Amino acid sequence: MLTRSLICAALMTLGSFVMITANGNALQLSETRGGKLIQDYITALNSGDEATMRAYLETNVAPAALKNRPVAPRLAIMLDLHQRWQSATINEVASATDTTTTALITTKAGDWFAFTMLHDRSEPAKMLGIQIEDVEPLSTVKLQPLTSKQLLTEVAAALDSHSKADDFSGVALVAHNGKPVFFKAYGFADTGLKVSNKLDTKFNLGSINKKFTEMGIEMLIAQGKLSYGDTLGKLLPDYPNKEAASKVTVGHLLQMQGGIGDFFGEAFDATPKDKLRHNNDFIPLFANEKLHFEPGTNSEYSNGGYILLGAIIEKASGMDYYDFIRANIFEPAGMSNTDWFETDSRTPNLAEGYTLEGAAGGKRISNFYSRPARGSAAGGGYSTAEDLLKFVNAAADGKFGAASEHARGLGIAGGAPGINAALESDLKGGYTVIVLSNYDPPSAERIARELRQLISRVTN
């Protein structure tokens, strides 16, 4: 499965990390062009009422923007944000221009985000899209530095707290200079059978798999078998959408600037999940969609684009997508516990996902029926924390050739109902953080953020 929620919004990003410092002369939201749009968006989101959210979008989104992305997918984002955040509070304005306004917000759980409203220049301003970036908490309090020994004590305390609160189940690994210094499992891989998570339990990675697809493309480009300017039509001559085939390039797909749609939607919901067993099975779910915008003129998170990159890897390499990634990434790195395991096959030591989405009475339920039978080039593979550290170390050692550069300095995450994973490497002082969870987002991402903040305080 994939990060189908936060990062599906038009012009929305998640996963970059920004440090915001206190501003003594902060703007007031009412003084900005997009301030009312943000205030009303958050108010509608906090209501939790679908009709209220729909009314906001129908009233405030620019007509031209609605042609590219209608109300329904925008509404799905708002509903998903409400489920994740419960509520959000606007703290202050970070920046404002004629076409963008950014406010710092906190969620009910205390997570911080920079919420950017992209808007036109009309009067009053109309919404075009949103961007959401993970930010460090805004604070004027100077935190005490930590020694490396104190860091481990603080990390253990943070994980114990989340585990006891039952908002985290999974594995957390902190490595220093490529070697684990903290490695512990929490919660259950199977709640019904009371099977505990272990250090080598396999977890669904969500969209972290996209990094493997990206690296596969970069390898083929380095070998001269592809170029960034190659079009879909050149590489996949049978692709049914002729406009996309003639305009969308490999570079567009990598940068999510192709205007390609997502495979999540009515077609996905109506498709028996046991029919989705290969990357190519996902293509009919979006291939005939009209381009959301002229390729290269905009940016929009696209799972469909990465499905196509997987198909391009097959065409250019002459190998099955899964076999190519295994042979060129997993095997060189020694990632023996990483693969796209089938949902309906018995895989030893694999964590089941548990979600509050659609659950009654606040009790998590299995995400089994929402998952495809097998993951794809866009996500849904499985790995262990140890294998992901092997991946980071292999990239640092240059084992992937020129593509190794694309796996250094990572800050990536993936999530869906009952799935959340976060990987951050090359942090201050040579630290790497890997958190895998079989609970809903932001269970792993929240902890990764907390650990990153602790690491930033280490002095030796």
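Residues in the sequence shown are numbered from 988 upward in steps of one, following our numbering.
We put the beta carbon where it would ideally sit given N, CA and C, even for glycine.
Note that this is a predicted model, so its numbers are computed, not measured.
| Check | Outcome |
| --- | --- |
| What is the DSSP secondary structure of V1237, counted as helix, strand or coil? | helix |
| Counting C-beta neighbours from all protein chains within 10 Å, is the total for R1436 16 or more, i.e. buried, or is it exposed? | buried |
| Based on Cα-Cα distance, which residue from D1413, P1111, T1093 lies nearest to D1121? | T1093 |
| Count the CB pairs spanning the stretch 1284-1295 and the stretch 1356-1369 that are closer than 8 Å, and state whether there are at least three. | yes |
| Residues in its own chain within less than 7 Å of I1399 by CB, not counting five upstream and five downstream? | G1002, I1195, K1198, L1410 |
| For G1401, which of G1362, G1238, L1115, S1233 has the nearest alpha-carbon? | G1362 |
| By DSSP, does H1279 sit in helix, in strand, or in coil? | coil |
| Please specify which runs of the alpha helix (DSSP H), each continuous and at least 4 residues long, are wholly inside the stretch 1010-1047, giving them in chain order. | 1022-1034, 1037-1047 |
| Between which two residues does the alpha helix (DSSP H) harbouring A1382 extend? | 1372-1383 |
| In angstroms, rounded to a whole number, what distance separates the CA positions of Q1070 and E1037? | 12 Å |
| Mapping the DSSP letters down to three states, classify I1352 as helix, strand or coil. | strand |
| Contact between the stretch 1198-1212 and the stretch 1430-1444 is defined here as three or more beta-carbon pairs at a separation below 8 Å; is this criterion met? | no |
| Name the DSSP bridge partner or partners of W1099? | T1093 |
| State the DSSP-derived secondary structure class of L1213, mapped to helix, strand or coil. | coil |
| Count the CB pairs spanning the stretch 1012-1026 and the stretch 1111-1119 that are closer than 8 Å, and state whether there are at least three. | yes |
| For I1247, name the three-state secondary structure that DSSP assigns. | coil |
| Just the C-alpha distance for A1042 and Q1244, rounded to the nearest angstrom, thanks. | 29 Å |
| Name the DSSP bridge partner or partners of L1133? | V1445 |
| If I measure Cβ to Cβ from V1142 and keep anything under 8 Å in the same chain, skipping five residues before and after, which residues do I get? | A1159, V1161, F1169, L1438, L1441 |
| Compute the Euclidean distance between the alpha carbons of V1235 and L1219, then round it to the nearest angstrom. | 6 Å |
| Would you report the Cα separation of H942 and T1284, rounded to the nearest angstrom? | Lying outside 988 to 1447, the shown extent of the chain, residue 942 is not represented and no answer is given. |
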